[in-house]
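Heads up: the sequence shown runs through residues 9 to 157, numbered per this note's numbering.
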Amino acid sequence: MDKADLIGGAGLALLGFLMIFVIIPASTEEGMYFGLSPTFFPTLLTVLLTACALGLVAQSLLRMRRRVASRPFPLTSWNFLMFLASACLAFGGILAIDWFGMLVGGPILIGALMLFLGERNPLRIALTATVPVGLVYLLAIHVLGTPVP
9 MDKADLIGGA GLALLGFLMI FVIIPASTEE GMYFGLSPTF FPTLLTVLLT ACALGLVAQS
69 LLRMRRRVAS RPFPLTSWNF LMFLASACLA FGGILAIDWF GMLVGGPILI GALMLFLGER
129 NPLRIALTAT VPVGLVYLLA IHVLGTPVP
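In structure tokens, the structure reads:
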């Protein structure tokens with residue numbers, strides 16, 4: 009498990025550095041409005057995730073150096089299948105938002121994830137899927153005056 013942590017952490021750290029120094033600056037433009045640069049929040053989140061990846065690398069190196077007994081691989085095939093299913097749901101929701109816009113795709117994503125997680129009450133699903141999306145849409149359009157997909 010320590011070797012997997014080392015390889016995974018190093019890969020995520022390299023991806024983080026690539027995002028910070030190449031992908032984010034190349035993919036964003038100067039802001040038209042006041043306030044922070046459009047690169048600020050993506051860069052901040054990427055720096056934090058890269059720091060977590062470097063922490064994983066350091067932890068695995070320390071464990072390997074102390075020769076602590078490695079834990080068995082904790083992921084069963086069922087867990088991995090459920091992870092893949094939830095990742096596919098999230099990716100499908102992102103595609104729905106891209107194709108149909110936030111007002112249609114957002115409730116589809118939220119409702120699908122609620123069903124996947126076991127919620128069966130149709131009223132709760134409908135309210136939870138539509139009300140927050142509508143409020144965020146109204147806030148963005150009428151209060152902040154920003155375009156929404």
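The beta-carbon is built from N, C-alpha and C at its ideal position, and this holds for glycine as well.
Everything numeric in this text was worked out from a predicted model, so none of it was measured.
Q.
Quick check: residue 58 and residue 24, are their CB atoms within less than 7 angstroms of each other?
A. Position 50 of the sequence shown, counted from the start, is the residue given in the question as residue 58. Position 16 of the sequence shown, counted from the start, is the residue given in the question as residue 24. Going by C-beta atoms, residue 58 is nearer than 7 angstroms to residue 24.
Q.
Please identify the residue among 116, 150 and 154 whose C-alpha is closest to the C-alpha of residue 136.
A. Counted from its first residue, the sequence shown places residue 136 at position 128. For the residues 116, 150 and 154, the minimum Cα distance to residue 136 belongs to 116.
Q: Note down, one range per segment and in chain order, each alpha helix (DSSP H) of at least 4 residues found wholly within the region 11 to 42.
A: 32 to 35
Q: Over the uninterrupted alpha helix (DSSP H) stretch that includes residue 134, give me the two end residues.
A: Stepping through the sequence shown from its first residue, residue 134 is reached at position 126. Run containing residue 134: 130 to 146, per the alpha helix (DSSP H) assignment.
Q: Give the secondary structure of residue 122 by DSSP, where H, G and I count as helix, E and B as strand, and everything else as coil.
A: The residue you call residue 122 lines up with position 114 of the sequence shown. Residue 122: helix per DSSP, three-state reduction.
Q. Touch check for the region 85 to 104 and the region 136 to 155: three-plus C-beta pairs under 8 angstroms?
A. no
Q | Reference residue 141, options 33, 44 and 105, closest by Cα | A | Along the sequence shown, one-based indexing puts residue 141 at 133. For residue 141, the nearest C-alpha among the options comes from 105.
Q: In angstroms with no decimal places, state the Cα-to-Cα distance between residue 19 and residue 28.
A: Counted from its first residue, the sequence shown places residue 19 at position 11. Counted from its first residue, the sequence shown places residue 28 at position 20. Cα-Cα distance, rounded: 14 angstroms.
Q: Kindly list the residues whose CB is nearer than 7 angstroms to the CB of residue 101, restricted to its own chain and excluding five residues on each side of it in sequence; keep chain order.
A: Taking the sequence shown and counting its residues from 1, one reaches residue 101 at position 93. Once the five neighbours on either side are set aside, the close Cβ partners of residue 101 are 113, 116, 117 and 120.
Q. Per DSSP, what kind of secondary structure is residue 77 in: helix, strand or coil?
A. Counting from one through the sequence shown, the residue named residue 77 turns up at place 69. In this structure, residue 77 counts as coil in the three-state DSSP scheme.
Q. In terms of residues, what are the limits of the alpha helix (DSSP H) holding residue 94?
A. Position 86 of the sequence shown, counted from the start, is the residue given in the question as residue 94. Unbroken alpha helix (DSSP H) run through residue 94: 85 to 108.
Q. Is the beta carbon of residue 156 less than 7 angstroms from the beta carbon of residue 122?
A. As a working mapping, residue 156 is identified with position 148 in the sequence shown. As a working mapping, residue 122 is identified with position 114 in the sequence shown. No, they are not a contact pair.
(Q) Measuring straight from C-alpha to C-alpha, what distance separates residue 163 and residue 67? (A) This structure does not reach residue 163, given that the chain is present from 9 up to 157, and the question cannot be answered.
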